[in-house]
Amino acid sequence: MFRIEGYVIVSADGMIADAQGVMPDSIRNAADQKFFQAGLDRAAVVVHGRNSHEGGPRAPRRKRLILTRRIADLAPDPSHPNALLWNPAGATLERALATLGVADGTIAVIGGTDVFSMFLPRYDAFHLSRAARAKIPGGRPVFAAVGPDATPEDVLASHGLKPGARRDLDAAAGITVVTWQREIPPTAPRPG
Ligand SMILES: NC(=O)c1ccc[n+]([C@@H]2O[C@H](COP(=O)([O-])OP(=O)(O)OC[C@H]3O[C@@H](n4cnc5c(N)ncnc54)[C@H](OP(=O)(O)O)[C@@H]3O)[C@@H](O)[C@H]2O)c1
323 MFRIEGYVIV SADGMIADAQ GVMPDSIRNA ADQKFFQAGL DRAAVVVHGR NSHEGGPRAP
383 RRKRLILTRR IADLAPDPSH PNALLWNPAG ATLERALATL GVADGTIAVI GGTDVFSMFL
443 PRYDAFHLSR AARAKIPGGR PVFAAVGPDA TPEDVLASHG LKPGARRDLD AAAGITVVTW
503 QREIPPTAPR PG
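Last residue of the sequence shown: 514 (our numbering), numbering continuous.
Dropping the structure here:
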């Protein structure tokens, strides 16, 4: 009933923000924003940690789950009427979606590190944009496991996702996207 898709733009070294948790201009790009916002427009709900709101003029219309440990399970968000605060330690994703009134469609996961990591076993697709010319030494990785010995691609592959073709979003700026999809196991042949 639900499809779970992740969206991120990372630096060449797999980072989403600097050490202070700020997303630098070096990984911000208009063509990537267009791709990202169009993806969120197709989604039934956007899911993110307390500091990763996507912004933009269409954001207030979107239903969203905002992860926080400040509440026990689920609570309305006084500052975002279409949003629900969610602590996964106290409520399942399915319960959170039902409370928000979302019965089917795409769940767009947009970060940060802990939220991207939490959904790794469940992604149907992950849209990995990359700013090939940017590096963020000491920054915050897209997934907790990314580091000197593991790229974002290694982590996606180790969770059963396969890469599609690399597409240019802004060739002049070195911005690309690869959509990784979960491989559906072939159905076993019927005996006889
Ligand atoms: N490059 C990109 O595509 C991209 C994508 C996403 C974010 N970013 C950038 O990364 C930075 C934000 O990073 P961040 O590390 O602060 O991430 P974040 O996930 O937005 O916020 C972290 C907060 O979310 C809550 N949270 C996260 N995991 C949780 C869990 N399992 N259970 C309950 N609550 C949970 C906690 O809130 P409480 O403290 O309220 O408990 C935690 O302090 C921003 O600069 C943002 O712009 C960049």
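Using N, Cα and C, we set each Cβ at its ideal position, and we do this for glycine too. Quick caveat: nothing in here was measured; it's all calculated off a predicted structure.
query	result
Tell me the rounded alpha-carbon separation between D471 and M345.	23 Å
Just the Cα atoms here: how many angstroms apart are N404 and V437?	20 Å
Please classify N271: is it buried, with 16 or more other beta-carbons within 10 angstroms of its beta-carbon, or exposed?	Residue 271 cannot be examined here, being either before or after the span of the chain that is shown, 323 to 514.
Hey, how far is the Cα of N409 from the Cα of H375?	16 Å
Does the distance between the C-beta of P410 and the nearest non-hydrogen atom of ligand 2 fall short of 8 Å?	The model on display carries ligand 1 but not ligand 2.
In the region 336 to 415, which residue ranges form an unbroken beta strand (DSSP E) of at least 3 residues, counting only runs that do not cross its ends?	337 to 339, 367 to 371, 386 to 389, 396 to 398 and 405 to 408
Going by DSSP, name the residue or residues bridged to K484.	Q503
Any heavy atom of ligand 1 inside 8 Å of the beta-carbon of G371?	yes
Relative to ligand 1, is the shortest distance from any of its heavy atoms to the C-beta of G486 smaller than 8 Å?	no
Would you mind stating whether V367 and V332 have Cβ atoms separated by less than 9 Å?	no
Can you tell me where the alpha helix (DSSP H) with F438 in it begins and where it stops?	T435 to M440
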